[in-house]
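Structure record follows, encoded as structure tokens.
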Amino acid sequence: MKRLICAAVLAVMTASPAIAGLQFAPYEGPAAEKVGEGGTKITVAGVDFWTTGTPPRRYRVLGILTDTRYEAWGKKAVGSKGVAARIRELGGDAAVVLGRQDRSSGAYVLPMGPSVIGGEDVKTTTDLQIIKYLD
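Okay, here's the thing in structure tokens:
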């Protein structure tokens, strides 16, 4: 019985990235080209994630990618190889983090023999501005 419960917990936790949703909205407007001022970034799979500020170079805004996921065991949008791959598919070189919102959708408790495992189920929405470097 313990193994069955452990297997169920593991299946739910590892399947949570599959619950992730990526939605892209292309930018349309005259101010698509910009020059950034600098900031901090992390690079994953060849894609720059600007966590603060903007790149200190010319770039074009392609649109907004919204990532919604249950962040079980630390699976986050910023720095995700899957999100980096989607940014590349959209023609982007980088993403500027515009914002992140966490929302609790409840808690769970699982009996494990004489012990109990529990936690909070947090749904996170992250907005990323997808950009293409121009120089």
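Under mature numbering (1 follows the signal peptide of the UniProt record, and there is no 0), read the sequence shown as residues -20 to -1, 1 to 115, first letter to last.
Glycine residues also receive a C-beta, built at the ideal position from the N, C-alpha and C atoms.
#1: Between Lys112 and Tyr39, how many whole angstroms is the CB-CB distance? I'm expecting something under 8 Å.
#2: Using the C-alpha atoms, what's the distance from Ala64 back to Leu70?
#3: From Ile97 to Val89, what does the alpha carbon distance come to, in whole angstroms?
#4: Compare the C-alpha of Thr23 against each of Arg49, Lys61, Gly1 and Val15 and name the closest.
#5: Using a Cβ-Cβ cut-off of 6 Å (strictly less than) and excluding sequence neighbours within five positions of Gln3, which residues of its own chain qualify?
#6: Grab me the residues of Asp73's own chain with a C-beta within less than 6 Å of its C-beta, minus the 5 sequence neighbours each way, in chain order.
#7: Please state whether DSSP places Lys56 in a helix, a strand or coil.
#8: Please go through the same chain and pick out, in chain order, the residues whose beta-carbon is closer than 6 Å to the beta-carbon of Ala12, but skip the five residues on each side of it.
#9: To the nearest angstrom, how far is the alpha carbon of Gln81 from that of Arg49?
#10: Assign Ala75 to buried or exposed, taking buried as 16 or more other Cβ atoms, counted over all protein chains shown, within 10 Å of its Cβ.
#11: So what does DSSP say about Ala5, is it helix, strand or coil?
#12: Does the Cβ-Cβ distance between residue 121 and Thr31 come in under 8 Å?
A quick look at the data gives this:
#1: The residue given as residue 112 occupies position 132 in the sequence shown. The residue given as residue 39 occupies position 59 in the sequence shown. The C-beta distance from Lys112 to Tyr39 rounds to 6 Å, short enough to fall under 8 Å.
#2: To locate residue 70, count along the sequence shown from 1; it is residue 90. To locate residue 64, count along the sequence shown from 1; it is residue 84. C-alpha separation (whole angstroms): 10 Å.
#3: The residue labelled residue 97 in the question sits at position 117 within the sequence shown. The residue labelled residue 89 in the question sits at position 109 within the sequence shown. Distance between the alpha carbons of Ile97 and Val89 is about 6 Å.
#4: Taking the first residue of the sequence shown as 1, we reach residue 23 at position 43. Checked all of Arg49, Lys61, Gly1 and Val15; the closest Cα to Thr23 is Lys61.
#5: For this step, residue 3 is matched to residue 23 along the sequence shown. Here the set comprises Thr46.
#6: Taking the sequence shown and counting its residues from 1, the one referred to as residue 73 is at position 93. For Asp73, where only same-chain residues beyond five positions count, the Cβ hits under 6 Å are Lys112 and Tyr113.
#7: Position 76 of the sequence shown, counted from the first residue, corresponds to residue 56. Coil at Lys56, not helix or strand.
#8: As a working note, residue 12 is residue 32 in the sequence shown. Around Ala12: Arg40 and Val41.
#9: Taking the sequence shown and counting its residues from 1, the one referred to as residue 81 is at position 101. Taking the sequence shown and counting its residues from 1, the one referred to as residue 49 is at position 69. Roughly 11 Å between the two C-alpha positions.
#10: The sequence position of residue 75 within the sequence shown is 95, counting from 1. Buried, since its Cβ has 16 or more Cβ neighbours within 10 Å.
#11: Counting from one through the sequence shown, the residue named residue 5 turns up at place 25. Of the three classes helix, strand and coil, the one that applies to Ala5 here is strand, per DSSP.
#12: Beyond the ends of the chain as shown, which are -20 and 115, falls residue 121; an answer cannot be given.
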